[in-house]
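In what follows, a structure is listed as structure tokens, so that the remarks can point back to it.
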Amino acid sequence: MKLYECKKIENCFSSSHMYEYRLPLKTREEVIEQLGKNGQIKYYKNFPRPSFQIQSVSGISIKGVIADGVIRVSFPEVDPLETQKNFEQFLTELLEKEIGGGEHEHSC
Amino acid sequence: MKTVYVNNAATSWPKAPQVGATVASCVSGIPYHAGRSGFTAADIAGECRKLLAKLLAVKDKGRLVLGPNATHGLNIALHGLRFRPGAVVVTTAAEHNAVLRPLHYLAKTKYITVHILPVDKQGRVDPEEWEQAIIQHSPQLVVFTHASNVTGAVNDAVLLAGIAKKRRAITLLDASQSLGIIPVLPEVWSIDMVAFTGHKYLLGPPGTGGLYIAPQIDLEPVWVGGTGVQSDLAEMPQTIPIRFEAGTPNDPATAGLAAALTWSANHLLDSGVMADKTERLASGLAALGAKVIEVTTPRTPVISFTLPSCLVEDAGELLHKSFGIVCRTGLHCAPLIHKYLGTAPSGTIRFSLSRFTTDEDIDYCLQAIEAIIHETI
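Laid out in structure tokens, this is it:
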């Protein structure tokens, strides 16, 4: 079973390392707090679709709409692959905790 | 949540009425080759060319080569020219990568020299600098955008082309951002080649565009292959436009563009209303504290700006995901202009309107920007 889906997102910059992750759950505030436990979380609750933004100490930026199932993650230019690998490990553990244990795969 | 589309400089939406139905009808109908079928088949390309020729005030519609986009037209022009050894091309920093990348490629492979002129803070090339560069470098070719896709600033195409023609340079105008909004008249203005797209301000479907080639310009075909006619020749036919139209044409899209052109000819754009809407949005953004690239007339309905408290990309994300506003952020495929606008390296947030943008849409964009500034400051 795939725990999340992952898709590369392009922008104007060849050095960009941005991905969208489709999660098997909604990003309610408890999940957002977990995602941002090593960083700064900003909420934009007054917008028509409330959203959030997390800036982690490791240089990862996570953005998404509250109670949506998709997050957009930007990895820093320095060592992005290692940072992404660590993030995905963290995300897998978080999701396992949220939706229950078991053997999971992920695709990216 | 409502959706507001202000990304018309990328591609227009909505399209002109009947475009979708015309494309669908053409896809569903039996395809005939116009050149072989006599009166059995509708001459889709011929009809589209006729409408384009009227719009561009071109005498011979056969000088209009159809293709999938302006990039295709620009490549036909740039790769098709026979450059002299040591040839120079003069262009501007406001150009889209559709111009810059082919020129970069030609500089690498054909050893031409490309001189890229700076632009002012609005994105226009200074005619005096243009003239000096042309006198200094005696270019074989000049290429310039009619209107910046980043700021909307319109260059004086008549003046710039006239300066270049005086020094016997071949002139190539990129009208991707102007045709459908402001007049583009290659033969009246004595411009040798004009590349255009059908899916922006002409309100046609994606996959349409082309190149006007003046009779005195001799190009080699870039793409060669089947034409459906004169198949016994080993080389591409000499006849224009098929000399430059190898391969199966995209008749459904061409029919859609013809439908858009017909509609637009019967529903003329009110440029005063368009200008008022652009000005209202630009001044409204500035009043909210956005740093708007100020552009004097003539201009297209394109507004670029940054926000004091929010990164360009973050703003685009919030506008899209939280407000349903579809716009474009970043470099807009014109990477060199930002140095002159003061918006390097991240670029700008760009709102680009169309004749279908409503006052309510503009109000909503302003409300969204106000909310983002308020929440991020």
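One line per chain: the protein sequences are A and B, in this order. For the first sequence, the working numbering gives the first residue as 1, with consecutive numbering after it. For the second sequence, the working numbering gives the first residue as 1001, with consecutive numbering after it. For glycine and all other residues, C-beta sits at the position ideal for the given N, C-alpha and C. Since we're looking at a predicted model, the values are computed, not measured.
What are the residues that DSSP puts in a beta bridge with residue i?
i               : result
C1310 (chain B) : B:L1307
K63 (chain A)   : A:Q53 and A:R72
I1325 (chain B) : B:V1004
H1115 (chain B) : B:V1090
L1066 (chain B) : B:G1210
G17 (chain A)   : A small fix is needed here, since residue 17 (chain A) is His in this sequence, not Gly. Beta-bridge pairing links H17 (chain A) to A:F75.
Y1201 (chain B) : BP columns for Y1201 (chain B) are empty, so no partner.
G39 (chain A)   : A:S56
M1236 (chain B) : Partner(s): none; M1236 (chain B) has no beta bridge.
S1352 (chain B) : B:N1007 and B:V1302
A1195 (chain B) : B:D1174 and B:L1211
G1330 (chain B) : B:T1348
Y44 (chain A)   : A:S51
I1377 (chain B) : None, per the DSSP bridge assignment.
I1182 (chain B) : B:L1179
Using a Cβ-Cβ cutoff of less than 7 Å, which residues in the same chain neighbour residue i once the five nearest sequence positions on both sides are dropped?
i               : result
A1344 (chain B) : H1338
A1254 (chain B) : Per the sequence shown, the amino acid found at residue 1254 (chain B) is Thr instead of Ala. If we look at T1254 (chain B) and ignore the five residues flanking it on each side, its Cβ neighbours are I1044, A1045, C1048, L1066 and T1208.
H1332 (chain B) : N1149, V1150, G1347 and R1350
V1058 (chain B) : L1064, P1186, E1187 and Y1212
D1156 (chain B) : P1127
W1130 (chain B) : L1117, L1160 and I1163
W1263 (chain B) : A1016, P1017 and Q1018
F1305 (chain B) : L1285, A1290, K1291, V1292, I1293, T1348 and I1349
Could you give the C-beta distance for residue i and residue j, rounded to a whole number, given that I count them as a contact under 8 Å?
i               : j               : result
A1246 (chain B) : P1221 (chain B) : 7 Å
L1219 (chain B) : G1080 (chain B) : 3 Å
S994 (chain B)  : A1070 (chain B) : Residue numbering for chain B in the displayed model covers 1001 to 1377; residue 994 (chain B) lies beyond these limits and cannot be assessed.
I41 (chain A)   : F52 (chain A)   : 6 Å
R1082 (chain B) : I1213 (chain B) : Actually they do not touch by this definition, with Cβ atoms about 14 Å apart.
G1152 (chain B) : T1300 (chain B) : 4 Å
L1437 (chain B) : T1092 (chain B) : Within the shown structure, residues of chain B are numbered from 1001 to 1377, placing residue 1437 (chain B) beyond reach of any answer.
G39 (chain A)   : V57 (chain A)   : 6 Å
A1147 (chain B) : V1090 (chain B) : So it is not a contact: roughly 19 Å between Cβ atoms.
Q153 (chain A)  : L94 (chain A)   : Since the first residue of chain A shown is 1 and the last is 108, residue 153 (chain A) is not available in this structure.
T1011 (chain B) : K1200 (chain B) : 6 Å
S1352 (chain B) : N1007 (chain B) : 6 Å
Y1386 (chain B) : D1120 (chain B) : Residue 1386 (chain B) lies beyond the residue range present for chain B, which begins at 1001 and ends at 1377; the question has no answer from this structure.
I1303 (chain B) : A1287 (chain B) : Actually they do not touch by this definition, with Cβ atoms about 13 Å apart.
S1138 (chain B) : V1088 (chain B) : 7 Å
In chain order, what residues of the same chain lie with their CB nearer than 8 Å to the CB of residue i, ignoring the 5 residues before and after it?
i               : result
I1135 (chain B) : R1167
C1310 (chain B) : L1318, I1372, I1373 and T1376
A1041 (chain B) : Y1032, H1033 and A1034
L1307 (chain B) : G1289, A1290, K1291, A1315, I1349, I1369, I1372, I1373 and T1376
G69 (chain A)   : R22, L23, P24, L25, K26 and T27
P1215 (chain B) : D1060 and R1063
K1165 (chain B) : T1171 and S1190
Just to check, is the beta-carbon of residue i closer than 7 Å to a non-hydrogen atom of the ligand SAH?
i               : result
N1008 (chain B) : The ligand SAH is not part of the structure shown, which contains no ligands of any sort.
Who are the Cβ neighbours of residue i in its own chain at under 6 Å, not counting the five residues just before and after it?
i               : result
D1361 (chain B) : V1004
F47 (chain A)   : none
I1170 (chain B) : L1141 and D1192
I1076 (chain B) : L1211, V1222 and F1244
V1027 (chain B) : P1252
S15 (chain A)   : E77
E1095 (chain B) : T1145
V1224 (chain B) : M1236 and A1246
Going along the chain, which residues of the stretch 1313-1326 of chain B sit with their C-beta nearer than 8 Å to a C-beta in chain A? E1313, D1314, E1317, L1318, K1321, S1322, F1323 and G1324
Runs of 3 residues minimum, wholly inside the stretch 1148-1178 of chain B: which ones carry the beta strand (DSSP E) assignment? Fully enclosed beta strand (DSSP E) runs of 3 or longer: 1170-1174.
Which runs of the alpha helix (DSSP H) fall wholly inside the stretch 1256-1291 of chain B and span at least 4 residues, in chain order? 1271-1288
Where the stretch 1114-1138 of chain B meets chain A: residues whose CB sits under 7 Å from a CB there: Those would be none; no residue qualifies.
The stretch 1274-1286 of chain B: positions lying closer than 9 Å to chain A by Cβ: Sequence-ordered contacts of the stretch 1274-1286 of chain B with chain A are nonexistent [C-beta pairs closer than 9 Å].
Which parts of the stretch 1117-1147 of chain B are runs of the alpha helix (DSSP H), unbroken and 4 residues or longer, counting only runs that do not cross its ends? Those alpha helix (DSSP H) runs which fall completely within the stretch 1117-1147 of chain B and span 4+ residues are 1127-1137.
Can you pull out the residues from the stretch 80-102 of chain A whose beta carbon lies closer than 8 Å to at least one beta carbon of chain B? none
Using a Cβ-Cβ cutoff of 9 Å, what residues of the stretch 1324-1347 of chain B are near chain A? List them in chain order. Of all residues in the stretch 1324-1347 of chain B, G1324, T1329, G1330, L1331, H1332, C1333, P1335, P1345, S1346 and G1347 have a Cβ within less than 9 Å of some Cβ in chain A.
Give the residues from the stretch 48-68 of chain A that approach chain B closer than 9 Å (Cβ to any Cβ), ordered along the chain. P48, R49, P50, S51, Q53, S61, K63, G64, V65 and D68
What are the start and end residues of each continuous beta strand (DSSP E) run of 3 or more residues lying completely inside the stretch 1008-1080 of chain B, in chain order? Those beta strand (DSSP E) runs which fall completely within the stretch 1008-1080 of chain B and span 3+ residues are 1064-1067.
Residues of the stretch 19-39 of chain A whose Cβ lies closer than 8 Å to any Cβ of chain B, in chain order: none
Any C-beta of chain A within less than 7 Å: which residues of the stretch 1035-1052 of chain B qualify? Cβ contacts with chain A come from no residue of the stretch 1035-1052 of chain B.
Any C-beta of chain B within less than 9 Å: which residues of the stretch 4-15 of chain A qualify? N11, C12 and F13
What residues in the stretch 1366-1377 of chain B have a beta carbon less than 9 Å from any beta carbon of chain A? A1368, A1371, I1372, H1374, E1375 and T1376
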